[in-house]
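Notes for the one structure printed next.
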Amino acid sequence: MTYRNPPTTPRKSATFDDYTLSEIRRAATTGIYDIRGAGAKRKLPHFDDLLVLGASISRYPLEGYRERCDTSVVLGSRYAKKPIELKIPITIAGMSFGSLSGPAKEALGRGATLSGTSTTTGDGGMTEEERGHSKTLVYQYLPSRYGMNPRDLRRADAIEIVVGQGAKPGGGGMLLGQKISDRVAEMRTLPKGIDQRSASRHPDWTGPDDLEIKILELREITDWEKPIYVKVGGARPYYDTALAVKAGADVVVVDGMQGGTAATQEVFIENVGQPTLACIRPAVQALQDLGMHRKVQLIISGGIRNGADVAKALALGVDAVSIGTAALVALGDNDPRWEAEYNELGTTAGAYDDWHEGRDPAGITTQDPELMMRLDPIAAGRRLANYLKVMTLEAQTIARACGKNSLHNLEPEDLVALTIEAAAMAGVPLAGTNWIPGKNGF
0 MTYRNPPTTP RKSATFDDYT LSEIRRAATT GIYDIRGAGA KRKLPHFDDL
50 LVLGASISRY PLEGYRERCD TSVVLGSRYA KKPIELKIPI TIAGMSFGSL
100 SGPAKEALGR GATLSGTSTT TGDGGMTEEE RGHSKTLVYQ YLPSRYGMNP
150 RDLRRADAIE IVVGQGAKPG GGGMLLGQKI SDRVAEMRTL PKGIDQRSAS
200 RHPDWTGPDD LEIKILELRE ITDWEKPIYV KVGGARPYYD TALAVKAGAD
250 VVVVDGMQGG TAATQEVFIE NVGQPTLACI RPAVQALQDL GMHRKVQLII
300 SGGIRNGADV AKALALGVDA VSIGTAALVA LGDNDPRWEA EYNELGTTAG
350 AYDDWHEGRD PAGITTQDPE LMMRLDPIAA GRRLANYLKV MTLEAQTIAR
400 ACGKNSLHNL EPEDLVALTI EAAAMAGVPL AGTNWIPGKN GF
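In numbering that gives the first Met the number 0, the protein residues as written are 0 to 441.
Structural data, given as structure tokens:
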């Protein structure tokens, strides 16, 4: 008599999951690595792993419809003659013309202006649409120097020296030939239709001493009027923040690995850098150790989605946040209304990240004239302004619940963590305990 085991459900490997198997097959077939846009898709510790402690008997809450909660922020007050004054602590991150369409850049400027905040140029230079519709515009100074000129440096309201980006710290950007239109080619002094790869480091410095010289040069060019930001990817936030401050930065921007990109290797996006949550406390600690916290402003970016994220980031000690991917979604990117066309591209609205190919049905991450016409920059700008308004109201709601009359009065004491990892990264207690992992030798 033969004994047979009862049938079981086949078990797939957690290590070699379906996506990993498909990537192995793709690599074996093509012999090239995968390039995509957007940010890390793997699950990482994030702001959802923190909770806010609202007021009860031991704290006194503020009445939402009667008592004021300030949202304004001043950036660049250390050395600049004309620091930036914003109504809200939510800025628009750098996204280049080339990566984005002209109407998308205009829409970002319109939405930011309606909301009383700033937008940022990105690689490739300053467009007239963006300058014309942005009350406050930050000019990015990147390793590529594409589109860089002294006239536009002076026309900007601040200058952001980009050393690194969260999705690819230590790596340069990409812009494939199909997005190098006549106008993009002219602005970047490149041949039309030829793939472009930006440099991974600035050509005229090798360390923080050279960065100090560069900051002084930019101050001289702009008559010491413009705040100078230094942006770094979230790799070594303590030392990078400290060195940026010592080099003379007015503002430090730290971009975590949940931040997006127009295009780079997927292996880079998913495996290089640190989660945004892990970057904040070391950067704040560096400022505190130098006696420069609140004197040099700190902006964090990478995966900011809603007002709760804003409130939690400010509670951990930052002065403002910056959004990129979320701003594009607010404009209309990844909208299910274009689902049929996303399907034709072999993807779906929620997963579309082939921005580098220039076929975005929403008309945002493309240089195709017909697709660009689908985006109304006036309507899209209003959508962005609505989104920023909601984020601000949400953050105010949380701050008032904690008894704070300013978003900047939120503090680590207002937070607890749901996981040991988040508690260790953020430097706040694990919920239900007074234990902060890594503190006091434990």
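Note that beta-carbon positions come from the ideal geometry of N, C-alpha and C, so glycine has one too.
Item                                                                                                                                                                                                : Value
Shortest alpha-carbon distance to L392 belongs to which of T8, K40, C68, D17?                                                                                                                       : C68
Among the residues of its own chain, which have a CB less than 8 angstroms from the CB of M173, if the five just before and after it don't count?                                                   : I34, D194, Q195, R196, S197, A261, A262, T263, H355
Kindly list the residues whose CB is nearer than 7 angstroms to the CB of T29, restricted to its own chain and excluding five residues on each side of it in sequence; keep chain order.            : none
In this structure, how does DSSP classify A262 when only helix, strand and coil are distinguished?                                                                                                  : strand
Can you tell me the Cβ-Cβ gap for A326 and L107, rounded? I've got them flagged as a contact below 8 angstroms.                                                                                     : 6 angstroms
Do the stretch 73-91 and the stretch 299-318 touch if we need at least three Cβ pairs shorter than 8 angstroms?                                                                                     : yes
DSSP three-state label for M173, please.                                                                                                                                                            : strand
May I have the straight-line CA-CA distance separating R154 from L20, to the nearest angstrom?                                                                                                      : 50 angstroms
To which residues does DSSP link S21 through a beta bridge?                                                                                                                                         : Note: S21 sits in no beta bridge, so no partner.
May I ask you to report which of helix, strand or coil DSSP gives R479?                                                                                                                             : Lying outside 0 to 441, the shown extent of the chain, residue 479 is not represented and no answer is given.
Please go through the same chain and pick out, in chain order, the residues whose beta-carbon is closer than 6 angstroms to the beta-carbon of L370, but skip the five residues on each side of it. : G362
List the whole-angstrom C-beta distance separating K403 from F46, where the pair is believed to meet the contact cut-off of C-beta under 8 angstroms.                                               : Not really, about 18 angstroms apart at Cβ, beyond 8 angstroms.
Report the partner residues of K230 according to the DSSP bridge assignment.                                                                                                                        : V161, V252
Decide if the stretch 328-344 is in contact with the stretch 55-68; the criterion is three or more beta carbon pairs, one per stretch, under 8 angstroms apart.                                     : no
Exposed or buried, which one is P9 when buried takes at least 16 other CB atoms within 10 Å?                                                                                                        : exposed
Pair every Cβ in the stretch 179-193 with every Cβ in the stretch 137-151, then say whether three or more of these pairs are closer than 8 angstroms.                                               : yes
Once DSSP output is grouped into helix, strand and coil, what is the label at G316?                                                                                                                 : coil
By how many angstroms is the C-alpha of V283 removed from the C-alpha of G63?                                                                                                                       : 29 angstroms
What distance in whole Å lies between the Cβ atoms of G123 and I183, which are believed to be in contact at a cut-off of 8 angstroms?                                                               : This sequence places Val at residue 183; Ile is not what is there. Indeed they touch by this definition, with Cβ atoms about 7 angstroms apart.
Given this structure, state the Cα-to-Cα distance separating K213 from Y138, to the nearest angstrom.                                                                                               : 15 angstroms
What residues are listed by DSSP as bridge partners for L49?                                                                                                                                        : A416
Given a threshold of 16 other Cβ atoms within 10 Å of its Cβ, counted over all protein chains shown, does G258 qualify as buried or as exposed?                                                     : buried
For my contact list, A430 and A416 are in at a C-beta cut-off of 8 angstroms; report their separation, rounded to the angstrom.                                                                     : 6 angstroms
Less than 7 angstroms between C-beta atoms, sequence neighbours within five positions excluded: which residues of the same chain meet that for L141?                                                : D122, V161, S197
Out of D413, G380, E129, L43, state which residue places its alpha-carbon closest to the alpha-carbon of S57.                                                                                       : D413
Would you decide whether S317 is buried or exposed? Buried here means 16 or more other CB atoms lie within 10 Å of its CB.                                                                          : A small fix is needed here, since residue 317 is Val in this sequence, not Ser. Label assigned to V317: buried.
State yes or no: is the C-beta of G38 within less than 7 angstroms of the C-beta of A234?                                                                                                           : no
Once DSSP output is grouped into helix, strand and coil, what is the label at S143?                                                                                                                 : coil
Please classify D239: does DSSP put it in a helix, a strand, or coil?                                                                                                                               : helix
Between the C-alpha atoms of R150 and N342, what's the straight-line distance to the nearest angstrom?                                                                                              : 44 angstroms
Could you give the first and the last residue of the continuous alpha helix (DSSP H) run that contains I298?                                                                                        : No alpha helix (DSSP H) contains I298, which is instead part of the beta strand (DSSP E) from 296-300.
What are the boundary residues of the beta strand (DSSP E) that includes I91?                                                                                                                       : 89-91
Within the same chain, show all residues whose beta-carbon is closer than 6 angstroms to that of Y78, passing over the 5 residues directly before and after it, in chain order.                     : D249
Are there 16 or more other CB atoms within 10 angstroms of the CB of V244, so buried, or fewer, so exposed?                                                                                         : buried
Taking only the alpha-carbon atoms, compute the straight-line gap between G206 and T7 and give it to the nearest angstrom.                                                                          : 59 angstroms
Quick one: which unbroken beta strand (DSSP E) runs of 3-plus residues sit fully inside the stretch 261-292? Chain order, please.                                                                   : none
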